[in-house]
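In the working numbering, the protein residues as written are 3 to 119.
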Amino acid sequence: MSDTEADFRQRVEELVRQIPKGRVMTYGQLAALCGNARAARIVGGIAHFGDPSLPWQRVVNKQGGLASGYPGGRAGHKQVLEAEGIAVTDDYYVNIASLLWRPDDRQEKSSPQITLL
DNA sequence: CGAGTGACCGCAA
DNA sequence: ATTGCGGCCACTC
Numbered sequence: 003m004s005d006t007e008a009d010f011r012q013r014v015e016e017l018v019r020q021i022p023k024g025r026v027m028t029y030g031q032l033a034a035l036c037g038n039a040r041a042a043r044i045v046g047g048i049a050h051f052g053d054p055s056l057p058w059q060r061v062v063n064k065q066g067g068l069a070s071g072y073p074g075g076r077a078g079h080k081q082v083l084e085a086e087g088i089a090v091t092d093d094y095y096v097n098i099a100s101l102l103w104r105p106d107d108r109q110e111k112s113s114p115q116i117t118l119l
């Protein structure tokens, strides 16, 4: 397997990179889309050692709660998410029910202009 | 090369 | 309903 092998982390990073602004994804979903639904923890590990330039801030757990190891703590994470246009509760929870984004969701169809970053 | 850990998830009492 | 525990895979030292 050398054609589309692309290390697990590379695929995850690619997906995270494609997460549009104002949307969030769950670690489990990223892992599942990557092929290993049980590798949810790995996604978190990659988030810590992967490319810090990626919008890991848009990646939250299945409960919609912010991660704990984010630089600056959940407080900083909350600030960044709010800056992205995502509403965060005082308990550091986001409404994934409305903000959960899927790779097959064509948000560009309804958004003529994409303002990423 | 081996062992430990982790930004999680799911299930059991 | 809440709390606690284990498991799983990949990454790092």
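Beta carbons are placed, not taken as given, at the ideal position from N, Cα and C, and that holds for glycine.
- The Cβ neighbour count for T91, taken over all protein chains shown within 10 Å, is under 16; the residue is labelled exposed.
- In the DSSP assignment, no residue is bridged to G24.
- A straight-line Cα-Cα distance of about 8 Å links Y94 and G66.
- The secondary-structure analysis by DSSP pairs G67 across a beta bridge with Y95.
- The segment 8–20 and the segment 56–73 touch, with three or more beta-carbon pairs separated by less than 8 Å.
- Short of 8 Å from the beta carbon of K80, and not among the five residues preceding or following it, lie these beta carbons of its own chain, in chain order: L68, V90 and Y94.
- Per DSSP, the beta bridge partners of L102 are V26.
- A direct Cα-Cα distance of roughly 30 Å separates G78 from D9.
- In this structure, I98 sits near V62, with a CB-CB distance shorter than 8 Å.
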